[in-house]
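Have a look at the structure below, then the notes.
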Amino acid sequence: MTEEKRNVYLDYSATTPVKEAVLNEMIPYFTEKFGNPSSLYTSGQESKNAITVARERLAALIGADPKEIFFTSSGTEADNWAVIETAFSKRAKGNHIITTKIEHHALLHSAEYLEKEGFEVTYLDVDSDGFVSLDELKDAITDKTVLISIMFANNEIGTIQPIADIAAIAKERGVIFHTDAVQALGNVPIDVKELGVDMLSISAHKIYGPKGVGALYVRRSVKLPEFMHGGGQETGKRPGTENLAGIVGFGKAAELAQANLPVHAKQLAELRDYFIGRVKNEIPNIRINGSLEKRLPGNANITFKFIEGEAILLLLDMEGISVSTGSACSSASLTPSHVLEAIGVPMEEIHGSIRFTVGDFTTKDDIDYTVETLKKVVEKLRNISSLS
Ligand SMILES: *Cc1c(COP(=O)(O)O)cnc(C)c1O
Numbered sequence: 009m010t011e012e013k014r015n016v017y018l019d020y021s022a023t024t025p026v027k028e029a030v031l032n033e034m035i036p037y038f039t040e041k042f043g044n045p046s047s048l049y050t051s052g053q054e055s056k057n058a059i060t061v062a063r064e065r066l067a068a069l070i071g072a073d074p075k076e077i078f079f080t081s082s083g084t085e086a087d088n089w090a091v092i093e094t095a096f097s098k099r100a101k102g103n104h105i106i107t108t109k110i111e112h113h114a115l116l117h118s119a120e121y122l123e124k125e126g127f128e129v130t131y132l133d134v135d136s137d138g139f140v141s142l143d144e145l146k147d148a149i150t151d152k153t154v155l156i157s158i159m160f161a162n163n164e165i166g167t168i169q170p171i172a173d174i175a176a177i178a179k180e181r182g183v184i185f186h187t188d189a190v191q192a193l194g195n196v197p198i199d200v201k202e203l204g205v206d207m208l209s210i211s212a213h214k215i216y217g218p219k220g221v222g223a224l225y226v227r228r229s230v231k232l233p234e235f236m237h238g239g240g241q242e243t244g245k246r247p248g249t250e251n252l253a254g255i256v257g258f259g260k261a262a263e264l265a266q267a268n269l270p271v272h273a274k275q276l277a278e279l280r281d282y283f284i285g286r287v288k289n290e291i292p293n294i295r296i297n298g299s300l301e302k303r304l305p306g307n308a309n310i311t312f313k314f315i316e317g318e319a320i321l322l323l324l325d326m327e328g329i330s331v332s333t334g335s336a337c338s339s340a341s342l343t344p345s346h347v348l349e350a351i352g353v354p355m356e357e358i359h360g361s362i363r364f365t366v367g368d369f370t371t372k373d374d375i376d377y378t379v380e381t382l383k384k385v386v387e388k389l390r391n392i393s394s395l396s
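For our numbering, add 8 to where a residue sits in the sequence shown, where the first one is 1.
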């Protein structure tokens with residue numbers, strides 16, 4: 009052990025480090041620029057202006073009007089707000105909502121909550137690549153359907169849904185369409201007007217911004233009641249003294265994401281494809297999960313047959329490599345990934361699946377080190393495995 013221990017982070021879909029330029033913009037808002045944005049004196053107004061700039065940057069990144077952006081505490085809050093308040097406010101019209109089997113838990117558990125409150129929820133199936141069927145969606149819509157919520161890009165397998173087509177169907181049937189775009193933001197061009205979505209959830213910490221700040225885009229024509237009750241912040245729609253530094257950081261991260269998007273996406277896809285290519289050639293009995301075409305640029309979800317993903321994860325961690333099994337949210341339990349189950353991965357193979365996600369700080373060297381380590385780890389585990 010002469011070599012210094014490496015540190016290779018391959019879990020950018022779980023969270024990302026805050027970029028230095030983002031942090032630098034945030035820091036003054038913890039100390040000298042601390043005025044309450046609701047205060048009328050100068051320092052308060054300066055804080056308010058900083059939030060305005062952040063809102064404009066977010067709006068520019070997704071093609072929205074700044075008035076249509078509402079800051080929240082997280083992507084989770086944005087999902088809960090959009091789905092729960094839309095459902096309750098439309099209850100007189102109908103009690104049916106449509107979503108998919110592969111949503112993030114922020115969405116799935118909101119839908120399950122609504123079921124307990126008497127709503128009916130259709131969870132659409134997906135095909136083996138993770139795509140919803142537009143025909144099944146059309147067939148699922150009834151007179152009682154008040155909301156369709158389908159994620160933009162999946163956090164486990166990276167599949168990107170045909171969002172514009174889904175939005176067109178929703179519009180034709182007069183149903184509100186919400187999409188969880190937390191994973192898509194910064195990785196896929198998003199223009200809410202062109203796509204025709206009514207509501208869209210995003211989060212700062214997935215795009216090199218700070219944790220604990222998200223936003224919900226709400227099209228001006230959509231009347232979404234407030235989820236929390238309090239003061240007049242966010243035009244009264246989302247009260248609570250603003251997470252000033254966090255919002256400033258989100259704005260800066262959005263500005264960087266917009267400037268970098270084409271280069272960022274190309275760089276990530278190249279690294280990811282190089283990784284997948286090497287794994288395919290050098291490790292037997294593996295399978296790549298999810299669509300290889302319409303997929304997030306940084307995502308590789310791979311099944312290593314005959315072994316346990318948790319064992320791979322722990323041995324990689326001992327070598328300084330961070331990855332996840334299925335999704336970070338289920339890592340505390342051994343519940344099989346609902347996403348891999350939905351695309352038809354056999355149960356024993358779900359347990360052998362690992363998500364690798366590359367990001368802006370990943371190098372080719374990191375990938376080479378990971379492949380070499382993975383080869384040893386997989387061979388070792390297969391030698392002691394009773395499954396092989
Ligand atoms: C991370 C994530 C969320 C939750 O966002 P938070 O800001 O961490 O609450 C929601 N949806 C998807 C698809 C995500 O990847």
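Virtual Cβ for every residue (Gly too), placed ideally from N, Cα, C.
query: Within 8 Å, strictly: CB atoms of H104 and K152; result: yes
query: Whole-Å CB distance - I77 paired with Y225, under 8 Å assumed; result: 6 Å
query: Under the three-state DSSP convention, the category S361 falls into; result: strand
query: Nearest residue (CA-CA) to R227, options R99, I215, P74; result: P74
query: Counted within 10 angstroms of its Cβ, other Cβ atoms place H237 as buried (16 or more) or exposed; result: exposed
query: Under the three-state DSSP convention, the category E111 falls into; result: coil
query: One or two residues paired with N309 in a DSSP bridge; result: R363
query: Assumed close pair E242, K313 - CB separation to whole angstroms, cut-off 8 Å; result: Not a contact, Cβ separation roughly 49 Å.
query: K13 versus G239 - alpha carbon distance; result: 50 Å
query: Contacts around R181, its chain only, beta-carbon distance under 6 Å, and the 5 residues preceding and following it disregarded; result: I149
query: Same chain, Cβ closer than 7 Å to P197, neighbours up to 5 away in sequence not counted; result: L269
query: Every unbroken beta strand (DSSP E) within the region 163 to 201, with a cutoff of 3 residues, ordered by chain; result: 184 to 188
query: Chain-order list of residues whose beta-carbon lies under 7 Å from that of A189 (same chain, five-residue window excluded); result: F160, I198, L208, S209, I210
query: I92 versus L232, I165, Y131, residue with shortest Cα-Cα distance; result: L232
query: The region 255 to 264 / the region 215 to 223 touching (three or more Cβ pairs under 8 Å); result: yes
query: Candidates P292, V353, T333, of which the one nearest K383 by Cα; result: P292
query: Opposing strand residues paired with F79 [DSSP bridges]; result: A223
query: Bridge partners - R303, DSSP secondary structure assignment; result: T167
query: Straight-line gap, E40 to D374 (C-alpha atoms, nearest Å); result: 39 Å
query: S335, buried or exposed, once every other Cβ within 10 Å from all chains shown has been counted against 16; result: In this prediction, S335 scores a pLDDT of 47, lower than 50, which makes its location untrustworthy; the coordinate-derived value is nonetheless stated afterwards. Burial call: buried.
query: Euclidean distance between Cα positions of V385 and L252; result: 45 Å
query: C-alpha gap between F127 and T108, whole angstroms; result: 15 Å
query: Heavy atom of ligand 1 within 7 Å of G367 beta-carbon; result: no
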